[in-house]
Amino acid sequence: MRRAGPAPHSGGMLWSDPADDTPAEAARIRGLLRRVGILIALCVSLAMVVVMASWG
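Under the working numbering, residues 10 to 65 are what the sequence shown spells out, in order.
Set out below in structure tokens:
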């Protein structure tokens, strides 16, 4: 998501705005969460196969 820019009359960043240096870290965390989600989905699928095989 893109942050909205400053209002035309403000003249720049306000003193209370956080520094905009987190996108690289956010992208790294997003990639990590994506890999963890895929791993969980594979584990659940494997568990389903094992349970169904043991019943049949």
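Backbone N, C-alpha and C define an ideal beta-carbon position, used for all residues, glycine too.
Would you tell me roughly how many angstroms separate the C-alpha atoms of residue i and residue j, rounded to the nearest one?
i     : j     : result
Leu41 : Ala35 : 10 Å
Arg43 : Met61 : 27 Å
Val45 : Ser63 : 27 Å
Pro32 : Cys52 : 30 Å
Met57 : Arg39 : 27 Å
Identify, in the order they occur along the chain, each residue of the same chain with its Cβ nearer than 6 Å to the Cβ of residue i, setting aside the five sequence neighbours on each side.
i     : result
Arg37 : none
Using C-beta distances below 7 Å, list every residue in its chain close to residue i, excluding the 5 sequence neighbours before and after it, in chain order.
i     : result
Leu47 : Note on identity: in this sequence residue 47 is Ile, with Leu being the wrong assignment. Result list for Ile47: empty, nothing under 7 Å.
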